[in-house]
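I have placed the structure first, in the form of structure tokens, so that the comments after it can refer back to it.
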Amino acid sequence: MTDSHAEGRCPWCGTTDPLYIAYHDEEWGVPEYDARALWEKLVLDGFQAGLAWITILRKREGLRDAFDGFDPEKVARYGEVDIERLLNDPRIIRSRAKINAAIRGAQIWLEMRDNGEDFSEWLWSFVGGAPIQNEWAGFRDAPTQTPQSEAMAKALKKRGFNFCGPVIVYAFMQAVGMVNDHQSRCFRHREVRAMARH
Numbered sequence: 004m005t006d007s008h009a010e011g012r013c014p015w016c017g018t019t020d021p022l023y024i025a026y027h028d029e030e031w032g033v034p035e036y037d038a039r040a041l042w043e044k045l046v047l048d049g050f051q052a053g054l055a056w057i058t059i060l061r062k063r064e065g066l067r068d069a070f071d072g073f074d075p076e077k078v079a080r081y082g083e084v085d086i087e088r089l090l091n092d093p094r095i096i097r098s099r100a101k102i103n104a105a106i107r108g109a110q111i112w113l114e115m116r117d118n119g120e121d122f123s124e125w126l127w128s129f130v131g132g133a134p135i136q137n138e139w140a141g142f143r144d145a146p147t148q149t150p151q152s153e154a155m156a157k158a159l160k161k162r163g164f165n166f167c168g169p170v171i172v173y174a175f176m177q178a179v180g181m182v183n184d185h186q187s188r189c190f191r192h193r194e195v196r197a198m199a200r201h
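Residue numbers 4 to 201, in this note's numbering, belong to the letters of the sequence shown in order.
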């Protein structure tokens with residue numbers, strides 16, 4: 004069986020790992036507007052710091068299970084017993100700093116919600132509420148950070164989030180469809196463009 008999409012697909016996901024290819028073909032760049040899902044993706048990008056994204060994809064289900072489905076209500080209440088449990092869980096990235104950042108992020112997410120701020124609307128405001136549609140001949144033409152990711156990273160840090168520098172934030176923006184960085188000949192470029200809210 005041949006893959007009719009292989010020729011135009013963004014090459015960063017490779018050609019052999021079905022998990023990575025499925026992530027590219029089904030998730031990456033799809034506009035995400037759900038506030039909880041956006042927080043989960045931000046946490047996962049924070050866990051990726053210093054690692055390859057495929058490492059996170061392989062551990063994602065374990066991370067979701069270990070972190071109670073990334074339910075901010077539950078994660079925000081984690082104490083030292085939970086931190087120790089997580090540090091001893093081989094299914095996740097066992098970094099105390101990243102675990103603490105996830106817990107603090109859940110607390111900030113709840114504070115924002117309780118103050119009437121929608122996390123999704125707030126994040127999307129950095130791109131004017133609609134995905135930036137780029138036209139890159141090759142995926143390597145895309146930047147690693149932009150003025151928008153720098154502004155979002157600065158604002159996240161001011162709120163108290165960690166592991167959210169401008170490069171991590173730009174990877175997050177690409178993943179959640181705030182920017183469409185599929186290369187222009189990739190079959191997903193047009194599909195993702197069509198999913199944008201106007």
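The C-beta atom is built at its ideal place from N, Cα and C for all residues, glycine as well.
| Per-residue burial, V84 [other beta carbons within 10 Å of its own, 16 or more giving buried] | Taking the sequence shown and counting its residues from 1, one reaches residue 84 at position 81. Around the beta carbon of V84, a 10 Å sphere encloses fewer than 16 other beta carbons of the protein chains shown; the residue is thus reported as exposed.
| Touch test, the region 58-71 against the region 27-37, Cβ-Cβ under 8 Å, three pairs minimum | Because the criterion of three Cβ pairs below 8 Å is not met, the region 58-71 and the region 27-37 do not touch.
| task | Determine the direct distance from the alpha carbon of F122 to that of R116, and round the result to whole angstroms. | result | Start at 1 with the first residue of the sequence shown, and residue 116 comes out as number 113. Start at 1 with the first residue of the sequence shown, and residue 122 comes out as number 119. Approximately 7 Å between the Cα atoms of the pair.
| query | Do the region 143-156 and the region 174-194 meet, that is, are 3 or more Cβ pairs less than 8 Å apart? | reply | yes
| request: Would you kindly check if the distance between the Cβ of G11 and the Cβ of R188 is under 7 Å? | output: Your numbering for residue 188 matches position 185 in the sequence shown. Your numbering for residue 11 matches position 8 in the sequence shown. Contact flag set, yes.
| said: For E114, tell me which candidate among W127, R80, I95 has the shortest Cα-Cα distance. | reply: Position 111 of the sequence shown holds residue 114. Nearest option by C-alpha distance: R80.
| Cβ-based burial, G53 [other Cβ within 10 Å; buried from 16] | The residue given as residue 53 occupies position 50 in the sequence shown. Per the 10 Å Cβ criterion, exposed.
| request: Could you round the C-beta distance between F142 and P14 to whole angstroms and report it? I think they count as a contact, below 8 Å. | output: As a position in the sequence shown, residue 142 is number 139, starting the count at 1. As a position in the sequence shown, residue 14 is number 11, starting the count at 1. Their Cβ separation, rounded to whole angstroms, is 7 Å, which keeps F142 and P14 in contact under 8 Å.
| field | Boundaries of the alpha helix (DSSP H) in which Q51 is found, first to last residue | value | As a position in the sequence shown, residue 51 is number 48, starting the count at 1. Here the alpha helix (DSSP H) through Q51 covers 38-51.
| field | Euclidean distance between Cα positions of A109 and V195 | value | Against the sequence shown, residue 109 aligns to sequence position 106. Against the sequence shown, residue 195 aligns to sequence position 192. Straight-line Cα distance between these residues: approximately 29 Å.
| query | Out of G119, V179, L47, Y36, which has the shortest C-alpha to C-alpha gap to I106? | reply | Sequence index remark: in the sequence shown, residue 106 carries index 103 (1-based). Cα-wise, what sits closest to I106 is L47.
| field | Entirely enclosed alpha helix (DSSP H) segments - the region 115-159, minimum 4 residues | value | 122-127
| query | To the nearest angstrom, how far is it from the Cα of P134 to the Cα of D184? | reply | In the sequence shown, counting from the first residue as 1, residue 134 sits at position 131. In the sequence shown, counting from the first residue as 1, residue 184 sits at position 181. Using only the alpha carbons, I get a separation of about 10 Å.
| message | Short of 6 Å in beta carbon distance, which residues of its chain neighbour T5, apart from the five on each side in sequence? Order them along the chain. | response | By 1-based counting over the sequence shown, the position of residue 5 is 2. Reliability of the predicted coordinates at T5 is poor, the pLDDT of 48 falling under 50, and no value is obtained from them.
| Which residue from V170, V182, W127, M181 puts its Cα closest to that of G49? | Translated into the one-based positions of the sequence shown, residue 49 becomes position 46. Nearest C-alpha to G49: V170.
| For C167, which of L45, H8, V130 has the nearest alpha-carbon? | As a working note, residue 167 is residue 164 in the sequence shown. Of L45, H8, V130, the residue nearest in Cα terms is L45.
| What whole-angstrom Cβ distance do I111 and F164 have, given they're in contact under 8 Å? | Here residue 111 refers to the residue found at position 108 of the sequence shown. Here residue 164 refers to the residue found at position 161 of the sequence shown. I111 to F164, Cβ: 6 Å. Contact.
| said: Between A181 and W127, how many whole angstroms is the CB-CB distance? I'm expecting something under 8 Å. | reply: Residue 181 sits at position 178 when you count from the first residue of the sequence shown. Residue 127 sits at position 124 when you count from the first residue of the sequence shown. Reading the sequence as shown, one finds Met at residue 181 and not Ala. Yes, M181 and W127 are in contact; Cβ-Cβ is about 7 Å, under 8 Å.
| task | Would you grab the beta carbon distance between R39 and P93 for me? Rounded to a whole angstrom, and I think it's under 8 Å. | result | Position 36 of the sequence shown holds residue 39. Position 90 of the sequence shown holds residue 93. Their Cβ separation, rounded to whole angstroms, is 26 Å, which puts R39 and P93 out of contact at 8 Å.
| Who are the Cβ neighbours of A140 in its own chain at under 8 Å, not counting the five residues just before and after it? | Here residue 140 refers to the residue found at position 137 of the sequence shown. Excluding positions up to five away in sequence, the list reads Q186, S187, R188.
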